[in-house]
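Take 822 as the starting number for the sequence shown in this note's numbering and just add one per residue.
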Amino acid sequence: MGNLSCYAVVVPGLETIAGDELSELAAHDVKVEEGGVSFTTTMDGLFRINLRSRIVTRVLIRLTSFRALSFPELYNKSKKVAWEHYIGSQVSVSVRASCKTSKLMHSGRAQLAVSDAVRDRLGSASLITASQKNISGETRTDNRAGEQQILLRIENNQCTISLDTSGERLDRRGYRLHSGKAPVRETIAAAILRWMDLRVDEPLLSPMCGSGTFAIEAAWMAGKRAPGLDHTFSFLHWPSFKQKRWHRAVEKALAMQSLCPTCIIASELDAGILKQARENAAQAGAGGIIRFEQLDICRMTVPENISGPGLIICNPPYGDRIKGDVKSLYKSLGEVFSQQFSGWRMAVIVPDQGCENALGLKVKKRFKIKHGGRWIHVLSV
Ligand SMILES: C[S@@+](CC[C@H](N)C(=O)[O-])C[C@H]1O[C@@H](n2cnc3c(N)ncnc32)[C@H](O)[C@@H]1O
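The structure is reproduced here in structure tokens:
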């Protein structure tokens, strides 16, 4: 396998930040698209990106692309793919299809054509086929370990077949034992920290920390801890998997780790949620790095023993899942920041213009992301 044509799926809004991260991880031909980033890399690069990307949700390999106007044609062309490189015995396979402006518009039949092609190429004995549920078109949002997901996209009669390489979503880092009230995705937290140019010599405050995602991601970033070290990737089950090369990638990632030099303080009003954040941090190996405090945002001041200004990252409560006077909380946050934190930088997530107005701070830069089914804004003030 030489150069691989890949596609990184990302949370909508994170495409550019993910593109920069992928370039840093030595991806080539990086092209930002809507909802993802296409790039090329080698198998070593694929290992490195799955292991070390903090922002990407999953990585796909584009195996083939061809024109098909009938289901038998789709079946025959799908059968030419060297599936034996990727699908071993005892692995369950699921095929997901999407069809747009094409002659083949029945996604269930398209899925069936591809899964039949895979099974017939490999010989039925060697493959536990996808559950009937998946084949008949149920949309799955996740992928269990030991299961190989194949994605088929048909658009303008052009069929593209991709293979998932990541297994479970990469934002599932394995440390979140508790979710708090409305946790931000780990990939979003990491993207915001990167966008704010997290500096290791600068203190980081994470008020309203909830389950502790920002603080934990910051501890991992500052300590150069690869987020995928405990992840079970799909490629680990491929017959073509190169164990030695994978071990090299893991060893390199481990060698990069250092003691986190950053002072990180996470605070939260709710004692029960604070306890959960502590347990999550311990699970992430960051228990001794992050200082936790029970604190109302309205009473926040620069902590003792902190010299010099730093960074605040804040995800106040909002939305259907959270009740209460949201705007007055944004107003308090704005007042506390302008009165107590001269020279500091802050990133805040805001759900709408009303909350931004209530915050009342001058915005230096912004971007928007889709989270929990709605577009929200991230402001740097
Ligand atoms: C949207 S959640 C934060 C989620 C967090 N980013 C995560 O990933 O889990 C907002 C948090 O603010 C806390 N909170 C609400 N009012 C607060 C206040 N006045 N002071 C401090 N924390 C508060 C809530 O208990 C909740 O855990």
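Ideal Cβ placement from N, Cα and C applies to all residues, glycine included.
So, is residue i buried or exposed, given that buried needs 16 or more other C-beta atoms within 10 angstroms?
| i | result |
| --- | --- |
| glycine 929 | exposed |
| glycine 1155 | buried |
| leucine 998 | exposed |
| tryptophan 1196 | exposed |
| threonine 1126 | The sequence given here places asparagine at residue 1126; threonine does not occur at that position. Per the 10 Å Cβ criterion, exposed. |
| glutamate 845 | exposed |
| alanine 839 | buried |
| threonine 986 | buried |
| asparagine 1136 | buried |
| arginine 1066 | exposed |
| glutamate 836 | buried |
So residue i and residue j are in contact, right, with Cβ under 8 Å, and what is the actual spacing, rounded?
| i | j | result |
| --- | --- | --- |
| alanine 1102 | glycine 1033 | 5 Å |
| phenylalanine 887 | alanine 934 | Phenylalanine 887 to alanine 934, Cβ: 13 Å. No contact. |
| lysine 1045 | serine 1088 | Going by Cβ atoms, the distance from lysine 1045 to serine 1088 rounds to 25 Å, so no, they are not a contact pair. |
| methionine 1167 | valine 1202 | 5 Å |
| isoleucine 1133 | methionine 1029 | The Cβ separation is near 10 Å, so there is no contact. |
| arginine 879 | valine 830 | 5 Å |
| leucine 843 | valine 832 | Not quite, the Cβ-Cβ distance comes to about 14 Å (not below 8 Å), so this is no contact. |
| leucine 890 | asparagine 978 | 6 Å |
In whole angstroms, what separates the C-alpha of residue i from that of residue j?
| i | j | result |
| --- | --- | --- |
| threonine 862 | histidine 849 | 6 Å |
| threonine 1083 | alanine 1107 | 12 Å |
| arginine 994 | alanine 1098 | 15 Å |
| proline 1172 | isoleucine 1085 | 25 Å |
| isoleucine 956 | glutamine 970 | Residue placement at isoleucine 956 cannot be trusted, given a pLDDT of 32 that sits under 50; what the coordinates show is reported in the next sentence. Each residue's alpha carbon lies about 11 Å from the other. |
| proline 1130 | glycine 1164 | 6 Å |
| alanine 1043 | isoleucine 1111 | 12 Å |
| glutamate 968 | tryptophan 1059 | 11 Å |
| aspartate 1158 | proline 1024 | Reading off the sequence shown, one finds phenylalanine at residue 1158, where the question assumed aspartate. Taking the straight line joining both Cα atoms gives about 15 Å. |
| glutamine 1115 | aspartate 1051 | 30 Å |
| leucine 972 | glycine 1175 | 40 Å |
| isoleucine 908 | alanine 1092 | 48 Å |
Hey, could you find the ends of the beta strand (DSSP E) residue i is sitting in?
| i | result |
| --- | --- |
| glutamate 1125 | Looking at the DSSP string, glutamate 1125 is not in any beta strand (DSSP E), and its letter there is neither H nor E. |
| aspartate 985 | 979–985 |
| cysteine 1176 | Careful: cysteine 1176 lies outside any beta strand (DSSP E), inside the alpha helix (DSSP H) at 1174–1180. |
| isoleucine 1133 | 1132–1135 |
| serine 919 | 913–921 |
| tyrosine 828 | 825–830 |
| tryptophan 1196 | 1195–1201 |
| valine 1171 | 1166–1171 |
| alanine 1102 | No beta strand (DSSP E) contains alanine 1102, which is instead part of the alpha helix (DSSP H) from 1092–1104. |
| aspartate 850 | 849–854 |
Residues in its own chain within less than 6 Å of residue i by CB, not counting five upstream and five downstream?
| i | result |
| --- | --- |
| asparagine 824 | Thr861 |
| glutamate 1177 | Val1171 |
| alanine 1012 | Leu835, Ile838 and Ile876 |
Once you ignore the five residues that flank residue i on each side, which residues in its own chain have a CB closer than 7 Å to its CB?
| i | result |
| --- | --- |
| threonine 1122 | Gln1161 |
| glycine 834 | Phe1188, Lys1189, Ile1190 and Lys1191 |
Between which two residues does the alpha helix (DSSP H) containing residue i stretch?
| i | result |
| --- | --- |
| tryptophan 1067 | 1064–1077 |
| alanine 1011 | 1007–1016 |
Less than 7 Å separating the Cβ of residue i from some heavy atom of ligand 3?
| i | result |
| --- | --- |
| glutamate 1089 | What this structure holds is ligand 1, not ligand 3. |
Could you pull out every residue in the same chain whose Cβ sits closer than 8 Å to the Cβ of residue i, ignoring the five residues on either side in sequence?
| i | result |
| --- | --- |
| methionine 864 | Met822, Leu825, Lys1063 and Arg1066 |
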